[in-house]
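In the UniProt record's numbering, the protein residues as written are 1 to 155. In this text, a Cβ means the ideal position worked out from N, Cα and C, and glycines have one as well.
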Amino acid sequence: MASTTKSDMDRIGLFKEMEYVTIKDPFKGAANFTFNEAAYKSKQIMSKSSKQRATGSLAGYFDTQFKLLPGSYVDPISMRRKARMEEKKKNIVSKPFVTMFRPKDPEGLGSFFGTIGGGIKDLDPSKSKYREEKKAPHEKSNFKVNPPKKGTGYG
Numbered sequence: 001m002a003s004t005t006k007s008d009m010d011r012i013g014l015f016k017e018m019e020y021v022t023i024k025d026p027f028k029g030a031a032n033f034t035f036n037e038a039a040y041k042s043k044q045i046m047s048k049s050s051k052q053r054a055t056g057s058l059a060g061y062f063d064t065q066f067k068l069l070p071g072s073y074v075d076p077i078s079m080r081r082k083a084r085m086e087e088k089k090k091n092i093v094s095k096p097f098v099t100m101f102r103p104k105d106p107e108g109l110g111s112f113f114g115t116i117g118g119g120i121k122d123l124d125p126s127k128s129k130y131r132e133e134k135k136a137p138h139e140k141s142n143f144k145v146n147p148p149k150k151g152t153g154y155g
């Protein structure tokens, strides 16, 4: 009778183990599952080959005779350089294009064009106004009259 009746916890339903999230697929055991069945049940990949491999000929592999590719090693850097030279030969003039119109106002490094205050005048370091004044050599202390202090002075 105890086996046919539910326990108090199952009857109430508050403390029962919840169902796991699944898509309700039937479980397949490891023995029933086969991996890559076609690899051992169907035909294998076979190539058409002759049995004359031991003679040293290439008849059993790809072609009846060995085809040597013509030409030597090609360096891609030299090929790009040659292509640039060919493009340069097509040019009418050798110099690059330079416009004949120059900007009206100087622009670039050292230019004060477009600033609010304009340029700064008289900042020439070679002028005497901006040179550091040489200090007069100070008089050396008299060793006999002004002897050095003894100790640190803290006690």
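| Check | Outcome |
| --- | --- |
| In three-state terms, what does DSSP make of Ser78? | helix |
| How many Å lie between Arg84 and Phe112 at the Cα? | 40 Å |
| Roughly how many angstroms separate the alpha carbons of Ile77 and Glu86, rounded to a whole number? | 14 Å |
| Alpha helix (DSSP H) containing Arg102: first to last residue? | Taken as a continuous stretch (DSSP letters only), Arg102 belongs to no alpha helix (DSSP H), as it is neither H nor E. |
| Three-state secondary structure (DSSP) at Tyr40? | helix |
| Pick helix, strand or coil for Lys88, following the three-state DSSP scheme. | helix |
| Which residue marks the beginning of the alpha helix (DSSP H) containing Ile12, and which one marks its end? | 8-12 |
| Give the straight-line distance between the Cα atoms of Met79 and Ser72, rounded to the nearest whole angstrom. | 13 Å |
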